[in-house]
Amino acid sequence: MASSRQLMAEPTRVAAPASAGRHPGDAAGRAWLRRVVVALLLVTLLLPLLPLAVSSVGQGYFFPQVVPETIGLRALRLILAPGAETWPALIDTVVLAGTVTLVALVIALPAGRALGLYRFRGRHTVEFLLLAPVLVPPIAVAIGLHGALLRVGLTGSMAGVVLVHLVPVLPYVVLVLAGTFANLDPDYEAQARSLGAGPVAVFRTVTLPAIAPGLATAAFFGFLVSWGQYALTLVIGGGQVVTLPILLFASASGGDTAVTSALAIFTAAPALLLLAVNAWAVTGRAVPIGGVR
Amino acid sequence: MTRVSLTTTLRDERLRPWVLLAPTLIVVGGLFGGALVQAGLGSVRPVRGAASSGVTLDAYRALLADPELPRSFALTVYLATASTLLAVVLGLGAALLLRRAAGRSRLVTAAFQLPLPIPHVVGALAVLALLGQSGLVSRVAGALGVVDGTAQFPALVFDPWAIGILVEYTWKEVPFIGIVALALLRSARVREHEQAARSLGAGGWQRLRHVTLPLVLPGVLSAAAIVFAFTFGAFEVPLLLGRSFPEALPVVAYRHHVDVDLASGPQAVALSLVMALIAFACVGAAMALARRRVRRD
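So the protein lines, in turn, are chains A and B. In terms of my numbering, the first sequence has 209 at position 209, counting the first letter as 1, and numbering is strictly consecutive. In terms of my numbering, the second sequence has 1170 at position 170, counting the first letter as 1, and numbering is strictly consecutive.
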């Protein structure tokens, strides 16, 4: 991503044009119109989630009712019941995404440093090659790896699924960290070293605090990319690793619309929560989370 | 002895970045490269019990002979092209609008990004609940008396034009393109050039056409390449919202993969490999184009 660094740039307020319209009333009218269009845009983006929410609480929700005749928590109670399949699926999804993120961060930390701080021949080639796994259809990667993982007994296991999730997650984490390291001044580390700090102390007291926001963003990316995976988990997990997307898909082919809708919201909720946290607290930057799919 | 040379290697500044990159390159290369090599080998391996031995192109021949495959290919290219165009035009428009109207409002920016972290399986089900024949729009039409029953509502999902799939992709990818474009629009480079153009007397439309768009297009083009590659290879959305004929290429590959017929396995990997190469070629071309534009400007 040639522009990965620009993407991480702090958005700056653009000075409002001094003379947007020839008449002052004209300008005010246009600004008002723009606000209406923005509101419409946001409503459109929220709209698809509305019918899911409605149908998750509907009972006997038949055409052409717009609002269900009876509103009830039957579906929610079913998916949140103590013995429901939701809970093991939630645990699988969290353990999977957490492990993938952690492994990816450890591997990506030195790589991000290399791409962010060093100018060397072949850097652009490496960046393009890192994008390659993101661009190739996940189903193709999964089918290609299936034979090899089958032979070493990793299909149908959590370990195998962690491995294939690294294919889309690792490049994103590396590229985010590269953007973070590009803003790090290595002179601070050199100063700490000259004052007698060892490598661990330098990392803990100088490097880590400086890259912490980027590290959080990278972890956020990685977690969500893994969270939403379907094709890779389906092919390599072979029905043994049941994550929330897998469970949701099975439910969608099952027939109980209310339960499927409730499960869909449940599957999306942590992602939305994380997005809110990221948008408000962690960085407040315009971070593209395009890797999340 | 080895220890000494290892430390010297680590100290060598020219080798340093490669040492740091090694774990990532090994993992990505091993897994991703491994997948491609495995697919390549698997696609030319003769099926057990077949007459031929050594290397065979039977899988590719079978794919070429498949009368349904051209239509699947056309559908997949159509889906990727249409959704990328929609995402770029609407995303860029939204970014231009948000820059003027939203200012720094985090709430608006956060709301704009809302679809991004939602898994595509959820997005597809949401589109089904919105646009399906017993979806919310159909119900509103029914309640208003516009349609008489679910069958009268036009098929927007499982339809020949794959509208449901396009809506899902557009919904997810407009914020992606928009956020990329917004970050570029808010950069100091764009702002300074716009101010210079204004001081030289350029009007709003002239500034947009000759200054702003040329500056943000290369970055947007890279993002568009990612969208194209994704929509070209996505599997779960056409599986949930597409018709059973023709099916998108990733779905065809998966069907071959789970088919019990022994000859199907090599066809699945062969098709996977072909899809990977097509995705690569398209993105490589787009990136090269973007780079040329940057150089020219």
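No residue lacks a Cβ here, since even glycine has one placed at the ideal position from N, Cα and C.
Residues of the segment 103-124 of chain A whose Cβ lies closer than 7 Å to any Cβ of chain B, in chain order: Of all residues in the segment 103-124 of chain A, those with a C-beta nearer than 7 Å to a C-beta of chain B are Ile107, Ala108, Pro110, Ala111, Arg113, Ala114, Tyr118 and Phe120, reading in chain order.
Residue interval of the alpha helix (DSSP H) (run including Val226 (chain A)): Locating residue 226 (chain A) in the first sequence gives position 226, counting from the first residue. Reading off the sequence shown, one finds Ser at residue 226 (chain A), where the question assumed Val. Looking at the DSSP string, the run of the alpha helix (DSSP H) that includes Ser226 (chain A) is Leu208 to Gly228.
Bridge partner(s) assigned by DSSP for Ile71 (chain A): Here residue 71 (chain A) is taken as the residue at index 71 of the first sequence, counted from 1. Per DSSP, A:Gly58.
The segment 1227-1241 of chain B in contact with the segment 1166-1185 of chain B per 3-pair CB rule at 8 Å: The segment 1227-1241 of chain B, when compared against the segment 1166-1185 of chain B, does touch it at the 8 Å Cβ threshold.
contact_flag[the segment 259-267 of chain A, the segment 73-83 of chain A] where n(CB pairs < 8 Å) is 3 or more: At 8 Å Cβ cutoff, the stretches touch.
Cβ pair Leu163 (chain A), Leu154 (chain A) closer than 8 Å: For this step, residue 163 (chain A) is matched to residue 163 along the first sequence. For this step, residue 154 (chain A) is matched to residue 154 along the first sequence. One thing to note: Leu163 (chain A) has its Cβ within 8 Å of the Cβ of Leu154 (chain A).
For Ala148 (chain A), the first and last residue of its enclosing alpha helix (DSSP H): Mapped onto the first sequence, residue 148 (chain A) falls at position 148. Its alpha helix (DSSP H) spans residues Pro138 to Arg151.
Inter-residue Cα distance where the pair is Ala1059 (chain B) and Gly1233 (chain B): The count along the second sequence starts at 1 and reaches residue 1059 (chain B) at position 59. The count along the second sequence starts at 1 and reaches residue 1233 (chain B) at position 233. In this model, Ala1059 (chain B) and Gly1233 (chain B) are separated by some 20 Å (Cα to Cα).
Simplified DSSP state of Gly21 (chain A), which is helix, strand or coil: The residue labelled residue 21 (chain A) in the question sits at position 21 within the first sequence. Because the pLDDT of Gly21 (chain A) is 43, which lies under 50, any placement of that residue in the model is unreliable, and the question is left without a value.
Against chain A: residues of the segment 1235-1246 of chain B by CB proximity under 7 Å: Cβ contacts with chain A: Phe1235, Glu1236 and Leu1240.
Chain A within 8 Å of Phe1158 (chain B), Cβ atoms only: Sequence index remark: in the second sequence, residue 1158 (chain B) carries index 158 (1-based). Judged by the 8 Å Cβ criterion, Phe1158 (chain B) is not in contact with chain A.
Cβ pair Val1216 (chain B), Ala1181 (chain B) closer than 8 Å: For the purposes of this step, residue 1216 (chain B) is identified with residue 216 of the second sequence, where counting begins at 1. For the purposes of this step, residue 1181 (chain B) is identified with residue 181 of the second sequence, where counting begins at 1. Result yes, Cβ atoms of Val1216 (chain B) and Ala1181 (chain B) sit closer than 8 Å.
Proximity to Pro171 (chain A) [Cα-Cα], best of A:Arg121, A:Gly237 and A:Leu109: Counting from 1 along the first sequence, the entry for residue 171 (chain A) is found at position 171. Residue A:Leu109 is the option with its Cα nearest to Pro171 (chain A).
Start-to-end residues for the alpha helix (DSSP H) that takes in Gln1152 (chain B): If you number the second sequence from 1, residue 1152 (chain B) lands on position 152. The continuous stretches of alpha helix (DSSP H) do not include Gln1152 (chain B), and DSSP gives it neither H nor E.
Three-state secondary structure assigned by DSSP to Val1227 (chain B): Your numbering for residue 1227 (chain B) matches position 227 in the second sequence. Here Val1227 (chain B) sits in helix by DSSP.
Closest by C-alpha distance to Arg1285 (chain B), when choosing among B:Pro1246, B:Leu1249, B:Leu1271 and B:Ala1225: Against the second sequence, residue 1285 (chain B) aligns to sequence position 285. Per the sequence presented here, residue 1285 (chain B) reads as Ala, with Arg not at that position. The closest CA to that of Ala1285 (chain B), considering only B:Pro1246, B:Leu1249, B:Leu1271 and B:Ala1225, is found on B:Ala1225.
Under 7 Å from the C-beta of Tyr1254 (chain B): neighbouring residues of chain A: For the purposes of this step, residue 1254 (chain B) is taken as residue 254 along the second sequence, with counting starting at 1. Correct list: Ile139.
Contact list for Ser1199 (chain B) against chain A, beta-carbon separation under 8 Å: Taking the first residue of the second sequence as position 1, residue 1199 (chain B) is located at position 199. Residues of chain A whose Cβ lies closer than 8 Å to the Cβ of Ser1199 (chain B) do not exist; the shortest such Cβ separation is about 11 Å.
Cβ-based contacts, 8 Å cut-off: residues of the segment 1063-1096 of chain B near chain A: For the segment 1063-1096 of chain B, residues whose beta-carbon sits nearer than 8 Å to a beta-carbon of chain A comprise Ala1094.
Contact the segment 1111-1119 of chain B vs the segment 39-56 of chain A: 3+ CB pairs below 8 Å: Here the segment 1111-1119 of chain B lies against the segment 39-56 of chain A, with 3 or more beta-carbon pairs under 8 Å apart.
Cut-off 6 Å between Cβ atoms - residues of its own chain near Ala97 (chain A), not counting five sequence neighbours on either side: Translated into the one-based positions of the first sequence, residue 97 (chain A) becomes position 97. These residues qualify, in order along the chain: Phe223, Ser226 and Trp227.
8 Å Cβ cutoff, Leu1208 (chain B) in contact with chain A: Here residue 1208 (chain B) refers to the residue found at position 208 when the second sequence is read from its first residue. Answer no: the Cβ-Cβ gap between Leu1208 (chain B) and chain A never drops below 8 Å.
Extent of the continuous alpha helix (DSSP H) run through Gly238 (chain A): What you label residue 238 (chain A) is simply residue 238 of the first sequence in a count that begins at 1. Premise fails: Gly238 (chain A) is in no alpha helix (DSSP H) and is neither H nor E.
Under 8 Å between C-beta atoms of Ala111 (chain A) and Val174 (chain A): The residue given as residue 111 (chain A) occupies position 111 in the first sequence. The residue given as residue 174 (chain A) occupies position 174 in the first sequence. Going by C-beta atoms, Ala111 (chain A) is nearer than 8 Å to Val174 (chain A).
Burial state of Val103 (chain A), where buried means 16 or more other Cβ atoms lie within 10 Å: Numbered from 1 along the first sequence, position 103 holds the residue referred to as residue 103 (chain A). Under this definition Val103 (chain A) is a buried residue.
Chain-order list of residues whose beta-carbon lies under 6 Å from that of Val1127 (chain B) (same chain, five-residue window excluded): Mapped onto the second sequence, residue 1127 (chain B) falls at position 127. Excluding positions up to five away in sequence, the list reads Gly1164, Val1167 and Glu1168.
Endpoints, alpha helix (DSSP H) assigned at Ser1138 (chain B): Locating residue 1138 (chain B) in the second sequence gives position 138, where the first residue counts as 1. It spans Leu1136 to Ala1143 - the alpha helix (DSSP H) in which Ser1138 (chain B) sits, taken as one unbroken run.
Neighbour-count burial assignment, Val100 (chain A), 16 or more Cβ in a 10 Å radius: Translated into positions along the first sequence, residue 100 (chain A) becomes position 100. Counting Cβ neighbours within 10 Å, Val100 (chain A) comes out buried, since at least 16 surround it.
Spatial neighbours of Pro1070 (chain B) in its chain, beta-carbon cut-off 7 Å, leaving aside the 5 residues before and after: Here the question's residue 1070 (chain B) lines up with position 70 in the second sequence. Take Pro1070 (chain B), set aside five residues on each side of it, and no residue of its chain has a beta-carbon closer than 7 Å to its own.
Alpha helix (DSSP H) segment containing Ser1300 (chain B), residue limits: Here chain B covers residues 1001 to 1297 and nothing more, so residue 1300 (chain B) does not appear.
Beta carbon of Val1044 (chain B) nearer than 8 Å to that of Val1055 (chain B): As a working mapping, residue 1044 (chain B) is identified with position 44 in the second sequence. As a working mapping, residue 1055 (chain B) is identified with position 55 in the second sequence. Yes, the Cβ-Cβ distance between Val1044 (chain B) and Val1055 (chain B) is below 8 Å.
Any chain A beta carbon closer than 8 Å to Trp1161 (chain B): As a first step, residue 1161 (chain B) must be located in the second sequence, where it is residue number 161. It does not: the Cβ of Trp1161 (chain B) has no partner Cβ on chain A nearer than 8 Å.
From A:Leu78, A:Ile236, A:Val57 and A:Ile79, residue whose alpha carbon lies closest to that of Thr70 (chain A): The residue given as residue 70 (chain A) occupies position 70 in the first sequence. Comparing Cα positions, the closest option is A:Val57.
Residues that Gln65 (chain A) contacts on chain B, provided the C-beta gap is smaller than 7 Å: Counting from 1 along the first sequence, the entry for residue 65 (chain A) is found at position 65. Under the 7 Å cutoff, chain B gives Arg1139.
Neighbour flag for Gly1264 (chain B) against chain A, beta carbons, 8 Å: The count along the second sequence starts at 1 and reaches residue 1264 (chain B) at position 264. It is Ser, not Gly, that sits at residue 1264 (chain B) in the sequence shown. Under the Cβ criterion of 8 Å, Ser1264 (chain B) is not counted among the residues facing chain A.
Validate contact between the segment 1137-1151 of chain B and the segment 74-93 of chain A using beta carbons, cut 8 Å, 3 pairs: Taking one beta carbon from each stretch, the segment 1137-1151 of chain B and the segment 74-93 of chain A have fewer than 3 pairs nearer than 8 Å; the two do not touch.
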